[in-house]
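Okay, structure first, notes after.
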Amino acid sequence: MIHLTPEQRVFVTERHLATLTTLREDGSPHVVPVSFTWDHETGVVRIITTDSSVKALNAARPAPDGAPPRAAVCQVEGGRWITLEGPVVVSRDPDEVAEAERRHTRRYKEPRVNPRRVALRIEVDKVMSSSYMAL
Numbered sequence: 029m030i031h032l033t034p035e036q037r038v039f040v041t042e043r044h045l046a047t048l049t050t051l052r053e054d055g056s057p058h059v060v061p062v063s064f065t066w067d068h069e070t071g072v073v074r075i076i077t078t079d080s081s082v083k084a085l086n087a088a089r090p091a092p093d094g095a096p097p098r099a100a101v102c103q104v105e106g107g108r109w110i111t112l113e114g115p116v117v118v119s120r121d122p123d124e125v126a127e128a129e130r131r132h133t134r135r136y137k138e139p140r141v142n143p144r145r146v147a148l149r150i151e152v153d154k155v156m157s158s159s160y161m162a163l
């Protein structure tokens with residue numbers, strides 16, 4: 029499991045937006061702004077979205093070689109940046125969606141009601157960041 033440095037942990041708990049990169053069916057990158065949360069106990073990034081969104085559809089599609097799909101979240105503020113990358117799954121489990129909403133509310137604000145909400149879960153296996161945060 030990935031563990032962030034203290035500086036990285038602080039950065040991913042501050043209120044910032046990020047970009048999410050998933051791959052379209054043709055292999056080209058789909059990059060969109062998102063809010064996300066980091067679970068330091070499990071090494072999981074959670075993103076809430078609608079089940080019919082392009083990011084959810086991309087996250088549900090296996091890679092051309094049959095491997096699980098991957099995604100990356102990149103948060104930037106000035107010269108500080110961090111990218112969290114790993115396999116992504118779409119969860120429709122009500123408990124998982126509720127947990128993602130709870131975490132979103134704590135970091136950002138309460139999300140609007142959305143009966144078609146799903147949670148994207150990135151099991152982070154790679155971290156890149158500003159060099160001072162990686163020490």
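Positions in the sequence shown are counted from 1; adding 28 to them yields the numbering used here. Every residue, glycine too, gets a C-beta built ideally from N, C-alpha and C.
With a cutoff of 9 Å on beta-carbon distance, L85 and S63 are scored as not near each other. A straight-line Cα-Cα distance of about 8 Å links P143 and T78. Between G94 and I150, the beta carbon gap of about 19 Å keeps them out of contact (Cβ cut-off 8 Å).
Rounded to whole angstroms, the separation of the alpha carbons of G107 and R89 is 33 Å.
Straight-line measurement puts the Cα of T65 at about 12 Å from the Cα of C102. DSSP places M161 in the helix class (H, G or I) of the three-state scheme. Partner residues in the beta bridge of K154, as assigned by DSSP, are E113.
The shortest C-alpha to C-alpha distance from M29 to any of G71, P57, E53 is the one to G71.
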